[in-house]
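Chains as they are written, first to last, in my numbering: chain A, 52 to 301; chain B, 105 to 239.
I have placed the structure first, in the form of structure tokens, so that the comments after it can refer back to it.
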């Protein structure tokens, strides 16, 4: 017997110009905050943007965006994401609410394949994917199923985070996956060590985001998030990451 | 109509097989539908027929078979059959869209663990395709 779902994934994503996975080998580095603020910042630029939270066991983009429980996707020849703050937004949270989703690896793969095969994203300039930490099932499945995916890597200034990033980069290079670059998040020093190390890996250092306590206070309020150091840094980072010439979305 | 998206996937997969097998026409397509996802066969059949018009599958018969869903607890080994009857409408619908969210709502009837395996009857499968090759 054949699982037919993977046959249709390329078609589902065919009207999306770029698919960017915001990823990190290490947890707790701010992937979801960066993914959400990048998506919001691109949308504010006039781009058509989707945000897909694939951190199924620890989703948080819905909290950052302040998505009300009443917001749900609709059914029309599949599942059509709800529009939240100008983003086409999809998350497993629609189906599990505030309850835990205790999924093993095979279940994560199946849920990811299901959502990729039935979600009708429509035409987008960018689909930003908020990844779970690590280099496990979600990374390997997206590499296998979404041949156009690009990785944007998030680290902190900590050596602990960057040492794990090195492993992730080695894997992605081995798999011949494009890496947009590295963002240094929650920066609290003036050291250029991460920038230097990123250069040694042959990757583009896209910029840093200074630690700002206001980011935590902005949770649930996207406009407030865009007014923080992170929001302001995202104006520079998005141009370095996905900009071409003067305009990102002509 | 979520079944429409599943029907598109079935036909995309069947088309790939027909091309690999060099079939010039397809007479029968057999699909197995797992009980857990609660796909409605009449809706799936309608979508398959609509999507097949004017294609290789235009005159194909679609056989839709139901597969019982069996769950097996990884903690105590209990096996049991899924039933949507005890679930409220919203929960049953969530499982319909993404069967894995069963782990959020269903527990082992013996030990109460959510750590179970969906041993069978999960989603939609393409079981068989029959057709003719050019002479």
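Heads up, the beta-carbon is just placed ideally off N, CA and C, and yes, glycines get one too.
Rounded Cβ spacing between residue i and residue j (contact assumed at less than 8 Å)
i, j, result
"residue 55 (chain A)", "residue 113 (chain B)", "4 Å"
"residue 228 (chain A)", "residue 180 (chain A)", "Contact flag wrong, Cβ pair sits at about 13 Å."
"residue 101 (chain A)", "residue 138 (chain A)", "7 Å"
"residue 143 (chain B)", "residue 175 (chain B)", "Their Cβ separation, rounded to whole angstroms, is 18 Å, which puts residue 143 (chain B) and residue 175 (chain B) out of contact at 8 Å."
"residue 238 (chain B)", "residue 128 (chain B)", "4 Å"
"residue 207 (chain B)", "residue 154 (chain A)", "6 Å"
"residue 182 (chain B)", "residue 211 (chain B)", "That belief does not hold up - the Cβ atoms of residue 182 (chain B) and residue 211 (chain B) are roughly 11 Å apart, past 8 Å."
"residue 65 (chain A)", "residue 204 (chain A)", "So it is not a contact: roughly 26 Å between Cβ atoms."
"residue 299 (chain A)", "residue 166 (chain A)", "Actually they are not in contact, since the Cβ atoms of residue 299 (chain A) and residue 166 (chain A) sit about 26 Å apart, beyond 8 Å."
Residue i vs residue j beta-carbon contact at 8 Å
i, j, result
"residue 99 (chain A)", "residue 174 (chain A)", "yes"
"residue 161 (chain B)", "residue 149 (chain B)", "no"
"residue 88 (chain A)", "residue 281 (chain A)", "yes"
"residue 164 (chain A)", "residue 201 (chain B)", "no"
"residue 252 (chain A)", "residue 217 (chain A)", "yes"
"residue 202 (chain A)", "residue 248 (chain A)", "no"
"residue 275 (chain A)", "residue 259 (chain A)", "no"
"residue 85 (chain A)", "residue 206 (chain A)", "no"
"residue 73 (chain A)", "residue 177 (chain A)", "no"
"residue 232 (chain A)", "residue 257 (chain A)", "yes"
"residue 119 (chain A)", "residue 145 (chain A)", "no"
"residue 116 (chain B)", "residue 58 (chain A)", "yes"
"residue 233 (chain B)", "residue 133 (chain B)", "yes"
"residue 227 (chain B)", "residue 141 (chain B)", "yes"
"residue 152 (chain A)", "residue 107 (chain A)", "yes"
"residue 184 (chain B)", "residue 53 (chain A)", "no"
"residue 260 (chain B)", "residue 170 (chain B)", "This structure leaves residue 260 (chain B) out entirely; chain B is present only between 105 and 239."
"residue 295 (chain A)", "residue 279 (chain A)", "no"
"residue 122 (chain A)", "residue 189 (chain A)", "no"
"residue 173 (chain B)", "residue 225 (chain B)", "yes"
"residue 108 (chain B)", "residue 151 (chain B)", "yes"
Within chain B, partners of residue i - CB distance below 8 Å
i, result
"residue 141 (chain A)", "Simply none; closest approach about 11 Å."
"residue 188 (chain A)", "Under the 8 Å cutoff, chain B gives no residues; its nearest Cβ is about 12 Å from residue 188 (chain A)."
"residue 118 (chain A)", "Per Cβ cutoff of 8 Å: no residues; residue 118 (chain A) is ~16 Å from chain B at best."
"residue 197 (chain A)", "By Cβ distance, chain B contributes nothing, its closest Cβ being about 16 Å from residue 197 (chain A), past 8 Å."
"residue 62 (chain A)", "112 and 116"
"residue 105 (chain A)", "Per Cβ cutoff of 8 Å: no residues; residue 105 (chain A) is ~12 Å from chain B at best."
Residue-level contact to chain B via CB, residue i, 8 Å cutoff
i, result
"residue 132 (chain A)", "no"
"residue 109 (chain A)", "no"
"residue 274 (chain A)", "no"
"residue 54 (chain A)", "yes"
"residue 184 (chain A)", "no"
"residue 144 (chain A)", "no"
"residue 247 (chain A)", "no"
"residue 122 (chain A)", "no"
"residue 80 (chain A)", "no"
"residue 220 (chain A)", "no"
Three-state secondary structure assigned by DSSP to residue i
i, result
"residue 172 (chain A)", "coil"
"residue 163 (chain B)", "coil"
"residue 149 (chain B)", "helix"
"residue 259 (chain A)", "strand"
"residue 174 (chain B)", "strand"
"residue 108 (chain A)", "coil"
"residue 210 (chain B)", "coil"
"residue 197 (chain B)", "helix"
"residue 299 (chain A)", "coil"
"residue 150 (chain A)", "coil"
"residue 120 (chain B)", "helix"
"residue 216 (chain A)", "helix"
"residue 123 (chain A)", "coil"
"residue 136 (chain B)", "strand"
"residue 64 (chain A)", "coil"
"residue 272 (chain A)", "coil"
"residue 156 (chain A)", "helix"
"residue 142 (chain B)", "coil"
Beta-carbon neighbours of residue i, restricted to chain B and to distances below 9 Å
i, result
"residue 65 (chain A)", "Under the 9 Å cutoff, chain B gives no residues; its nearest Cβ is about 12 Å from residue 65 (chain A)."
"residue 166 (chain A)", "201 and 202"
"residue 129 (chain A)", "105, 106, 108, 109, 110 and 112"
"residue 34 (chain A)", "Look at the range of chain A in this structure, 52 to 301, and you will see that residue 34 (chain A) is not part of it."
CB contact check: residue i to chain A, cutoff 8 Å
i, result
"residue 257 (chain B)", "The displayed coordinates of chain B run from 105 to 239. Any statement about residue 257 (chain B) would go beyond what the structure contains."
"residue 161 (chain B)", "no"
"residue 117 (chain B)", "yes"
"residue 198 (chain B)", "yes"
Neighbouring residues, chain B, relative to residue i (Cβ below 7 Å)
i, result
"residue 151 (chain A)", "208"
"residue 158 (chain A)", "204 and 207"
Partner residues on chain A for residue i, Cβ-Cβ distance less than 8 Å
i, result
"residue 120 (chain B)", "58"
"residue 205 (chain B)", "143, 146, 147, 152 and 162"
"residue 136 (chain B)", "52"
Neighbouring residues, chain A, relative to residue i (Cβ below 9 Å)
i, result
"residue 224 (chain B)", "Residues of chain A passing the Cβ test: none, with the nearest at roughly 11 Å."
"residue 228 (chain B)", "54, 55 and 56"
Under 7 Å from the C-beta of residue i: neighbouring residues of chain A
i, result
"residue 231 (chain B)", "52"
Near the ligand NAP: residue i beta-carbon under 7 Å from a heavy atom
i, result
"residue 194 (chain B)", "Among the ligands in the structure shown, none appear at all, so the ligand NAP cannot be discussed."
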